[in-house]
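Protein chains in written order, with full-length UniProt numbering: chain X, 1 to 387; chain Y, 1 to 352. Here is the structure we will look at, set down as structure tokens.
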Amino acid sequence: MAQLAAVIGTGQTKYKTKRGDVSIAGLLREAAVAALEDAGLGFDDIDAVVIGKAPDMFEGVVMPECYLSDALGANGKPMLRVHTAGSVGGSTALVAASHVQSGTFRRVLTVTFEKQSESNAMWALSTPQPFSVHLNAGAGGYFAPIIREYMRRSKAPYDVGIKVAVKDRLHGARNPLAHLHKPDITMAEVEESMMLWDPIRLLEACPSSDGACAMVIAAEDAVDSSAKPPAWIRGGAMRSEPTLYAGRDEVNPRAGRDCAADVYRQAGISDPRRQLNCAEIYVPFSWYEPMWLENLGFAEEGQGWRLTMDGATSLDEGGDIPWNPSGGVLSSNPIGASGMIRFAEAARQVRGDAGAHQVAGAKLAMGHAYGGGAQFFAMWIVGADKP
Amino acid sequence: MRDIAVVAYHQSDCLASAGASNEVELIMPVLRQVFDQVGLHNAQDVDFVCSGSCDYLQGAAFAFVAGVDALGAVPPIRESHVEMDAAWALYESILKIRMGHADSALIYGFAKSSPGELPIVLSQQLDPYYLAPLWVDTVSLAALQARLMLDKGAITEADMAAVVARSRRNALGNPRAQLAGEVSVEELLAEETYVSPLRRHDCCPVSDGAAAMIIATVEQAERWGKPYARITGIDHRIESHNLGLRDLCDSVSTRRAAAAAGVADGAVDVAELYAPFSHQEIILSRALALGESTAINPSGGVLAGNLMMASGLSRVGEVFRRIVEGEAGRGVAHATSGPCLQHNLVAVLEAA
Chain X
1 MAQLAAVIGT GQTKYKTKRG DVSIAGLLRE AAVAALEDAG LGFDDIDAVV IGKAPDMFEG
61 VVMPECYLSD ALGANGKPML RVHTAGSVGG STALVAASHV QSGTFRRVLT VTFEKQSESN
121 AMWALSTPQP FSVHLNAGAG GYFAPIIREY MRRSKAPYDV GIKVAVKDRL HGARNPLAHL
181 HKPDITMAEV EESMMLWDPI RLLEACPSSD GACAMVIAAE DAVDSSAKPP AWIRGGAMRS
241 EPTLYAGRDE VNPRAGRDCA ADVYRQAGIS DPRRQLNCAE IYVPFSWYEP MWLENLGFAE
301 EGQGWRLTMD GATSLDEGGD IPWNPSGGVL SSNPIGASGM IRFAEAARQV RGDAGAHQVA
361 GAKLAMGHAY GGGAQFFAMW IVGADKP
Chain Y
1 MRDIAVVAYH QSDCLASAGA SNEVELIMPV LRQVFDQVGL HNAQDVDFVC SGSCDYLQGA
61 AFAFVAGVDA LGAVPPIRES HVEMDAAWAL YESILKIRMG HADSALIYGF AKSSPGELPI
121 VLSQQLDPYY LAPLWVDTVS LAALQARLML DKGAITEADM AAVVARSRRN ALGNPRAQLA
181 GEVSVEELLA EETYVSPLRR HDCCPVSDGA AAMIIATVEQ AERWGKPYAR ITGIDHRIES
241 HNLGLRDLCD SVSTRRAAAA AGVADGAVDV AELYAPFSHQ EIILSRALAL GESTAINPSG
301 GVLAGNLMMA SGLSRVGEVF RRIVEGEAGR GVAHATSGPC LQHNLVAVLE AA
């Protein structure tokens, strides 16, 4: 019943530690203008604007859509702000898509961002919650024990995370927008980097980035403005579960498995490793690649690390299912935008628009985001072929 | 496009302080109420859940995550969240149903505003470079707007007091209200000003609480066999953040949203307007072209109790309640966000 919709434009800023040259609004506008140009449109052609970002405390601006309406050409139009923790970049794309898929609008601009240099994400993530145990751990401290449990269960060799860290940085070296450019990175360099939250070393963690990512999503009868082919949305799904509950599997969360099953069903996928050409998956800490390979059904439980070690997910090693050809979250992490970058990069792949990190002949790609205590999931599958 | 109905709604009492209750404890009772109204067990029985809340009101990042604990989200559910009033969560849910990914949705909004200084917290909504550092609070901005209207002769202080007197009187019939009573315009005008020209009673109170709603396709509502009201139109528009570029005596975005939602396509028996300040109710009534035949804010509106992040959803709920109880055949609900009515949502509800 959903109307067909497609990505007809993507735009991203250069990601870096501090974009001191632009305001928050300037950062978003840079991505928005790039997406509009890619779509062959101007602000006047847009019917509605949907923005997303992680907690307002990251920049200290409460409900920033109010302040951003002018910069994004939203005045006189509907404007919505999504916030679903780290998965927000993905959910924002899905909410923007629903504006079109519902038949309500023809062209929607969606923008996500984080300007982490405006504040301190570690602090913002660690403010004590009333009535709750205070963790004061940041994201790495939260996920480290879950990774250790994965290592125990899977009996994976100790250097799988190191391999992912190298692989994604080599991918990132192909992407001019990536925050980290480390074309000469080695396993030894990662292994020798400082241990932050055992077993996560500095180079196995994502950077803290400023940046924004935008897309233009259009209805079936409005895809022709762009000089590039559209990326058709073949499926989209979200799932949430509580942070804690008795019997919860935090290593292989059910919400992730259910979300994947939903999006695969919509896109007609039974074997993601064979049927998809590539995937942009939210891997903020290296070990999450093997963990999500299993959670998303690319490998049997306990076997995900073998794909990584065999080079199956590596563009440079000619792998059959490249993961994060853009360099992924490990190469650029403007938190609120990181999920949308995954979704937009999947679209770029099937549009043949990914430059030096293009997966040859990519026709079907997956974008993925997760957030909270690995409890919020958003995924989509985009294709070169109209469904 | 699929026809969508409101099937259940409940709002908690507007409390000046919810004391030691946490957000989950505020949310769970209203969820129980709406589930019971439809005969559902929990959030597993609807296809989609969407909420509205604001981290800054709780003073913690990801504060909405606790809301998921109120849902019984095991097995995992289809769920989303807007950092906006839950009226916009309703909007997102309607799109989800229109696209065929859901036949029903649970929407809720909640906030505990009492621990902080709400007008000061909301000052951080402003442009972070030029305005927020001035710490101009929401009451002061609304006072400037009221002053502009008074100086232009668009309203009188007695007009503002009349809005308050009607709100307090209507709230006598609303057991959820925080402020209710029989008070005359003369008595109100005799009170001293707070932030001139506003008196304390021109400003909504700070309230803690939550509201919840269940919507569904008309077909699903029929299957449930419960009374419902149809949402025949809904639209929202934002306008410039720069107060100097707006006509603060008008609400252009409300006019646009009203036109798109089809407010003028029929008689409006009842209107529930999210007007946090008395003069703003007058701006909104004019923008919506409401006449004598429309009962405005029969619940007392937010001047009688303002559940941040839920008040907009409550306006829709109050119109729904009056339609299913037979008091009205067609009504308009309005929600607002941002300083001086920057962003406005208008919904039209009609009897089944």
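We put the beta carbon where it would ideally sit given N, CA and C, even for glycine. Nothing here was measured: the structure is a model prediction, and the numbers come from that model.
- Minimum Cα-Cα distance from Y/Asp45 among the listed residues Y/Tyr56, Y/Leu31, Y/Gln58 corresponds to Y/Leu31.
- Within the region 93-113 of chain X, Val95, Ser98, His99, Gln101, Ser102, Gly103, Thr104 place their CB atoms closer than 7 Å to a CB of chain Y, listed in sequence order.
- Measuring C-alpha to C-alpha distances from X/Ser338 to each of X/Val350, X/Asn324, X/Arg351, X/Gln349 identifies X/Asn324 as the nearest.
- Of all residues in the region 59-71 of chain Y, only Gly59, Ala60, Ala61, Phe62, Ala63, Phe64, Val65, Ala66, Val68, Asp69, Leu71 come within less than 9 Å of chain X when Cβ atoms are compared, listed by chain position.
- If you ignore the 5 residues before and after X/Gly40, its C-beta comes within less than 7 Å of the C-beta of Ser225, Ser226, Ala227, all in its own chain and listed in chain order.
- When C-alpha distances from Y/Leu106 are compared across Y/Leu126, Y/Gly100, Y/Glu79, the shortest belongs to Y/Glu79.
- Leaving aside the five residues that flank X/Ala85 on each side, the residues in its chain whose CB is nearer than 7 Å to its CB run, in chain order, Ala54, Gly371, Gly372, Phe376.
- For the region 37-58 of chain X, residues whose beta-carbon sits nearer than 7 Å to a beta-carbon of chain Y comprise Pro55, Asp56, Met57.
- Judged by DSSP in its simplified three-state form, Y/Asn344 adopts strand.
- By the rule that beta-carbons nearer than 8 Å mark a contact, X/Met79 touches chain Y.
- By the beta-carbon neighbour count (other beta carbons within 10 angstroms, threshold 16), Y/Ile283 is buried.
- Secondary-structure assignment with DSSP links Y/Lys96 through no beta bridge to anything.
- In the DSSP assignment, Y/Ser337 falls within the unbroken beta strand (DSSP E) covering 330-337.
- Annotation: Cβ neighbours of Y/Lys96 in chain X (cutoff 8 Å, chain order): Ser98, Ser102.
- With contacts defined as CB atoms closer than 8 Å, Y/Ile234 and Y/Ile94 qualify as a contacting pair.
- Taking 7 Å as the Cβ-Cβ cut-off, the region 259-288 of chain X has no residue approaching chain Y.
- For X/Ser91, the three-state secondary structure derived from DSSP is helix.
- Among the residues of chain X, those whose CB is under 8 Å from the CB of Y/Cys54 are Asp56, Val62, Met63, following chain order.
- Within 10 angstroms of the beta-carbon of X/Trp197 lie 16 or more other beta-carbons, which makes it buried.
- Using a Cβ-Cβ cut-off of 8 Å, X/Tyr67 counts as an interface residue toward chain Y, since at least one Cβ of chain Y sits closer than that to its own.
- Distance from the Cα of X/Glu280 is smallest, within the candidate group X/His181, X/Phe343, X/Leu68, for X/Phe343.
- For X/Asp70, the C-beta contacts it makes with chain Y under 7 Å involve Ser240, His241, Asn242, in order along the chain.
- Distance from the CA of Y/Ala142 to the CA of Y/Ala333, rounded to the nearest whole angstrom, comes to 21 Å.
- Residue pairing for X/His368: DSSP places it in a beta bridge opposite X/Met379.
- Here DSSP, grouped into helix, strand and coil, assigns Y/Ile4 to strand.
- Under the DSSP definition of a beta bridge, X/Val111 partners with X/Ile51, X/Ala214.
- Uninterrupted beta strand (DSSP E) stretches at least 3 residues long and entirely within the region 142-217 of chain Y occur at 193-195, 208-217, given in chain order.
- Only residues of its own chain outside the window of five on either side were considered, and among them Pro197 have a CB closer than 6 Å to the CB of Y/Arg147, listed in chain order.
- The three-state reading of DSSP puts X/Ala144 in helix, counting H, G and I together.
- Counting C-beta pairs with one atom in each stretch, the region 84-99 of chain X and the region 56-67 of chain X have fewer than three that are closer than 8 Å, which means they do not touch.
- Y/Asp235: not part of any alpha helix (DSSP H); member of the beta strand (DSSP E) spanning 229-238, first to last residue.
- Contacts with chain Y at 8 Å (Cβ-Cβ) include X/Pro242.
- Interface with chain X (8 Å Cβ-Cβ cutoff): Y/Ala18 is excluded.
- In this structure, X/Ala5 keeps its C-beta atom at 8 Å or more from the C-beta atom of X/Val111.
- Interface annotation, X/Met291: not in contact with chain Y, CB-CB separation never under 8 Å.
- Counting the other Cβ atoms within 10 Å of the Cβ of Y/His41 gives fewer than 16, which makes it exposed.
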